[in-house]
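Undergrad:
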Amino acid sequence: MKKVFFILLASFMPFISLASEKGLDQKIDEAFKPISDFISGIIFFEVFGAPFVLVLLVFSALFFTLYFGFPNFRYFGKAINVVRGKYDHVDHPSSGNQDLAVDGDIKDTIKDESKEGEVTHFQALATAVSGTVGNGNIAGVALAIALGGPGATFWMIICGLLGMSSKFVECTLGVQYRDIDKDGTVYGGPMYYLSRGLKEKGFATLGKITAVLFAIFCIGGSFGGGNAAQSNQATIVLKDLMGLSSTSAGAVIGVILALIIGVIIIGGIKRIASVTEKVVPFMAVMYLIACLYIILTNFSFIDDAFSLIFSEAFNPKAIGVGGVIGVLLVGFKRAAFSNEAGAGSASIAHSAVKTKYSASEGLVALLEPFIDTVVICTMTALVIIIFNFGGESGKQQFQYGKVEVQEEFQGVAINGEILKVENDTINYNELLIPKEKKGYLIPVSESKDTLYTASNYATINGLHFKKEGKEYIIGGEKHKNFKGKVMIDGKLYEGAGITTQAFAEYIPFSKWFLTIAVVLFAVSTMISWSYYGLQSWKYLFGRGKGADMAYKLLFLLFVVIGASASMSSIWDFSDAMIFAMVFPNMIGLFFLFPVVKKQLSRYLEAIRSSKEPNDK
Numbered sequence: 005m006k007k008v009f010f011i012l013l014a015s016f017m018p019f020i021s022l023a024s025e026k027g028l029d030q031k032i033d034e035a036f037k038p039i040s041d042f043i044s045g046i047i048f049f050e051v052f053g054a055p056f057v058l059v060l061l062v063f064s065a066l067f068f069t070l071y072f073g074f075p076n077f078r079y080f081g082k083a084i085n086v087v088r089g090k091y092d093h094v095d096h097p098s099s100g101n102q103d104l105a106v107d108g109d110i111k112d113t114i115k116d117e118s119k120e121g122e123v124t125h126f127q128a129l130a131t132a133v134s135g136t137v138g139n140g141n142i143a144g145v146a147l148a149i150a151l152g153g154p155g156a157t158f159w160m161i162i163c164g165l166l167g168m169s170s171k172f173v174e175c176t177l178g179v180q181y182r183d184i185d186k187d188g189t190v191y192g193g194p195m196y197y198l199s200r201g202l203k204e205k206g207f208a209t210l211g212k213i214t215a216v217l218f219a220i221f222c223i224g225g226s227f228g229g230g231n232a233a234q235s236n237q238a239t240i241v242l243k244d245l246m247g248l249s250s251t252s253a254g255a256v257i258g259v260i261l262a263l264i265i266g267v268i269i270i271g272g273i274k275r276i277a278s279v280t281e282k283v284v285p286f287m288a289v290m291y292l293i294a295c296l297y298i299i300l301t302n303f304s305f306i307d308d309a310f311s312l313i314f315s316e317a318f319n320p321k322a323i324g325v326g327g328v329i330g331v332l333l334v335g336f337k338r339a340a341f342s343n344e345a346g347a348g349s350a351s352i353a354h355s356a357v358k359t360k361y362s363a364s365e366g367l368v369a370l371l372e373p374f375i376d377t378v379v380i381c382t383m384t385a386l387v388i389i390i391f392n393f394g395g396e397s398g399k400q401q402f403q404y405g406k407v408e409v410q411e412e413f414q415g416v417a418i419n420g421e422i423l424k425v426e427n428d429t430i431n432y433n434e435l436l437i438p439k440e441k442k443g444y445l446i447p448v449s450e451s452k453d454t455l456y457t458a459s460n461y462a463t464i465n466g467l468h469f470k471k472e473g474k475e476y477i478i479g480g481e482k483h484k485n486f487k488g489k490v491m492i493d494g495k496l497y498e499g500a501g502i503t504t505q506a507f508a509e510y511i512p513f514s515k516w517f518l519t520i521a522v523v524l525f526a527v528s529t530m531i532s533w534s535y536y537g538l539q540s541w542k543y544l545f546g547r548g549k550g551a552d553m554a555y556k557l558l559f560l561l562f563v564v565i566g567a568s569a570s571m572s573s574i575w576d577f578s579d580a581m582i583f584a585m586v587f588p589n590m591i592g593l594f595f596l597f598p599v600v601k602k603q604l605s606r607y608l609e610a611i612r613s614s615k616e617p618n619d620k
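All letters in the sequence shown, in the order written, are residues 5 to 620 by my numbering.
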């Protein structure tokens, strides 16, 4: 382990040395943003005013919901029973079972699948949930509300409910077509059900092409949404907590996070699962308790909050979202990013489960969007909306939808204070200062004079801030883009920072708690996604140790990039990579969903025919 640590440390020494340079974070952001904008522009192409990938995602989820007879509701209780072990006697019989040679199972993986796999149902669920329950819930929800207002919450819930059906289909296929190595290591996910499943259907070439495309996009997703977006939010809350304003603080935090992540991911899925099954439930429960405390102590606002959620879902008042369609797209986009239903990533983790019935894990998987989006995302949204009611004062904390910037105004700003101009003369510290040709020459010391002009300052949401070119100096930080940001008490916040402020309003020392939660959620998501990306990397480049190390070093590099770059650049890139996975994955789902129905019937029949006492 010490050897691994020193290898990782040596790999990141260049970043540590560069961190002393002025503006390193900004340099990294400027280099990364064009890449992010280019990829985002390709993936989110629009059809009739809406991104096609979102339309595809929503309508496919609706189709699977109808085709399988609303599995998100019908099998919810059964899914819980599978996780708690009620049907273990069906899933893991004591003797070998030869019926695996039928019903479409792959011939080279049908040994006795009850003895194959690496993790339990609960561990697979915890690993997959750790890849979804993270900063998409804390930062993503805040981003959705900042952009689309409270109405975005309604569409997030709808997307979560529909996504349960998509997750059921893709995770059943993940187990059904998985590959088990001679040493017992499991390899699964869309790469395998695309290549093997489509080959069964007579479309071998299409299967190979889509499998390769998915693997490429999944690697990109592991670098983006599963990595950079997480380290980005962890860095934001850490900088805020510790009051760090250094232009290289992000890079330094990124290096530290990369070292921590590197030590964990070396161990593979078993170590990842052992970490996530402890960290995720603990942090999720603690986070939910904190949310419940805020919600219940402000019980009188709950009906107002839900009323706002439902009314603004269809009549949004947020500035600049583009009406109902705009707020709908904001909600769906953030929910899909958070729960990843339809993207196929979670099936990689679920494929490692110990089971002989693929549909058993599909049922377990449908719980993920419910936990992630319907429960945790909604509770986060309620906390933020209640916070913005302003408590007893009724003063709105921030404006939904847009930060308003006024470039020119009447008066002269000196040290952030707007002074009235009368007859080309201003009163400054009881001195009447006449106007010079280009401004007002103010004596600030015996040795230095400063020329002040109105163009040096701008008004943002009614408050005055210094301006340098196209950048605004707010709270000692430079800002160009106000997308997804809100202003609270004269300071700009975004993502997890908004949620932190909401918690701090009601819970003493909650900033510490939420910072820890954000960091741990980020770490758990990153280590889960490192497994997803590595599996895709192995599919493309083989299963050697050298290839593994190359991927892990690239993965850790994006930890640093995510911590250094701006939120807008990182999240645009992350969204693009996550949603790119939808295109090849959906091809597999629409070709193979009849296989899922057959396997579901097989599993349900096995449960019905079981004579075990604990199933009575």
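Every residue gets a Cβ at the ideal spot worked out from N, C-alpha and C, and that includes glycine. The structure presented is a predicted model; accordingly, all values stated were derived computationally and were not measured.
Excluding the five sequence neighbours on either side, which residues of its own chain have a C-beta within less than 7 Å of the C-beta of Leu332, listed in chain order?
TA: Hits under 7 Å: Trp159.
Undergrad: Pick from Phe594, Pro588 and Ala156: whose alpha carbon is nearest that of Asp315?
TA: What sits at residue 315 in the sequence shown is Ser, not Asp. Cα-wise, what sits closest to Ser315 is Ala156.
Undergrad: Count the other C-beta atoms from every protein chain shown that fall within 10 angstroms of the C-beta of Lys26, then say buried if there are 16 or more, exposed otherwise.
TA: Any reading at Lys26 needs caution, since the residue's pLDDT is 45, under 50, leaving its predicted position unreliable; the model's value is listed next. That one is exposed.
Undergrad: Does Leu13 come out as helix, strand or coil in the three-state DSSP assignment?
TA: Note that Leu13 scores a pLDDT of 44, beneath 50, so its modelled location is shaky; the value from the coordinates is reported in the next line. If DSSP states are grouped into helix, strand and coil, Leu13 belongs with the helices.
Undergrad: Would you kindly work out how many angstroms separate the C-alpha atoms of Gly346 and Arg78, rounded to a whole number?
TA: The alpha-carbon atoms of Gly346 and Arg78 are separated by roughly 20 Å.
Undergrad: Drop a sphere of 10 angstroms on the beta-carbon of Lys484, count the other beta-carbons inside from all chains shown, and report buried for 16 or more, exposed for fewer.
TA: Counting Cβ neighbours within 10 Å, Lys484 comes out exposed, since fewer than 16 surround it.
Undergrad: Quick one: give me the first and last residue of the beta strand (DSSP E) that Ile520 is part of.
TA: Unbroken run through Ile520 is the alpha helix (DSSP H), Ser514 to Phe545; no beta strand (DSSP E).
Undergrad: Jot down the residue ranges of each uninterrupted alpha helix (DSSP H) in the segment 219-248, minimum 4 residues, whole runs only, in chain order.
TA: Correct list: 233-246.
Undergrad: Would you call Met528 buried or exposed, if buried means 16 or more other Cβ atoms sit within 10 Å of its Cβ?
TA: In the sequence under discussion, the amino acid at residue 528 is Ser, which differs from the Met named in the question. Buried: at least 16 other Cβ atoms inside 10 Å.
Undergrad: If you count every other CB in all the chains shown that lies within 10 Å of the CB of Phe88, and 16 or more means buried, which is it?
TA: Sequence inspection shows Arg at residue 88; the Phe mentioned does not correspond to that position. With fewer than 16 Cβ atoms within 10 Å of its Cβ, Arg88 is classed as exposed.
Undergrad: On the CB-based measure, 16 or more other CB atoms within 10 Å of its CB, does Met553 come out buried or exposed?
TA: Per the 10 Å Cβ criterion, exposed.
Undergrad: If you follow the alpha helix (DSSP H) that Leu198 is in, where does it begin and where does it stop?
TA: Element bounds for Leu198: n/a, residue is neither H nor E.
Undergrad: Are the CB atoms of Asn302 and Ile220 nearer to each other than 7 Å?
TA: No; because the gap between Cβ atoms is not below 7 Å, this pair is not in contact.
Undergrad: List the DSSP bridge partners of Asn431.
TA: DSSP lists Leu436 as partners of Asn431.
Undergrad: Can you check DSSP and say which residues form a bridge with Asp183?
TA: According to DSSP, Asp183 bridges with Tyr191.
Undergrad: Below 8 Å on the Cβ atoms is my guess for Met571 versus Gly488; work out the distance and round it to an integer in Å.
TA: Indeed they touch by this definition, with Cβ atoms about 7 Å apart.
Undergrad: With distance defined between alpha-carbon atoms, name the residue in Asn141, Gln603 and Ile39 nearest to Ala385.
TA: The residue with the shortest Cα to Cα distance from Ala385 is Asn141.
Undergrad: Measuring CA to CA, which of Tyr291, Tyr91, His125 and Thr382 is closest to Thr519?
TA: Ranking the options by Cα distance to Thr519, first place goes to Tyr291.
Undergrad: Around the Cβ of Trp625, are there at least 16 other Cβ atoms within 10 angstroms (buried) or fewer (exposed)?
TA: Since the displayed the chain opens at 5 and closes at 620, residue 625 lies outside it and no answer follows.
Undergrad: If Ser226 sits next to Gly537, beta carbons under 8 Å apart, how far is it from one beta carbon to the other, in whole angstroms?
TA: Right, their Cβ atoms sit about 3 Å apart.
Undergrad: Could you have a look at Met491 and say whether DSSP puts it in helix, strand or coil?
TA: Correct three-state label for Met491: strand.
Undergrad: How big is the Cα-Cα spacing for Gly100 and Ser351?
TA: Low confidence applies here, because Gly100 scores a pLDDT of 40, under 50, leaving its location unreliable and the question unanswered by this model.
Undergrad: Could you tell me the distance, in whole angstroms, from the CA atom of Lys31 to the CA atom of Phe56?
TA: Answer to the nearest angstrom: the Cα atoms are 33 Å apart.
Undergrad: Under a Cβ-count criterion, where at least 16 other Cβ atoms within 10 Å of its own Cβ denotes burial, should Glu174 be classed as buried or exposed?
TA: Flag for Glu174 reads buried.
Undergrad: Just the C-alpha distance for Val522 and Glu609, rounded to the nearest angstrom, thanks.
TA: About 43 Å.
Undergrad: Who are Phe469's beta bridge partners in DSSP?
TA: Answer is Ala462, bridged to Phe469.
Undergrad: Could you tell me the alpha carbon to alpha carbon distance between Ala148 and Ser614, rounded to whole angstroms?
TA: Roughly 46 Å separates the two Cα atoms.
Undergrad: Determine the direct distance from the alpha carbon of Leu165 to that of Phe595, and round the result to whole angstroms.
TA: Taking the straight line joining both Cα atoms gives about 23 Å.
Undergrad: Report yes or no: do three or more beta-carbon pairs, one from the segment 367-386 and one from the segment 252-267, lie closer than 8 Å?
TA: Touching, no, given that fewer than three Cβ pairs across the two stretches are closer than 8 Å.
Undergrad: Would you be able to state if there are at least three C-beta pairs under 8 Å between the segment 496-508 and the segment 590-606?
TA: Verdict: no, contact absent.
Undergrad: Which residue marks the beginning of the beta strand (DSSP E) containing Ser509, and which one marks its end?
TA: It should be noted that the sequence gives Glu, not Ser, for residue 509. Careful: Glu509 lies outside any beta strand (DSSP E), inside the alpha helix (DSSP H) at Ala500 to Tyr510.
Undergrad: Use the C-beta contact count for Pro438: other C-beta atoms within 10 angstroms, 16 or more gives buried, fewer gives exposed.
TA: Pro438 is exposed by the Cβ-count criterion.
Undergrad: Assign Glu174 to one of three DSSP states: helix, strand, or coil.
TA: DSSP places Glu174 in helix when its eight states are reduced to three.
Undergrad: Can you check whether the CB of Ala232 is closer than 7 Å to the CB of Phe562?
TA: Yes, Cβ-Cβ distance for Phe562 and Ala232 is below 7 Å.
Undergrad: Rounded to a whole number of angstroms, what is the C-alpha to C-alpha distance between Ile293 and Ile306?
TA: About 16 Å.
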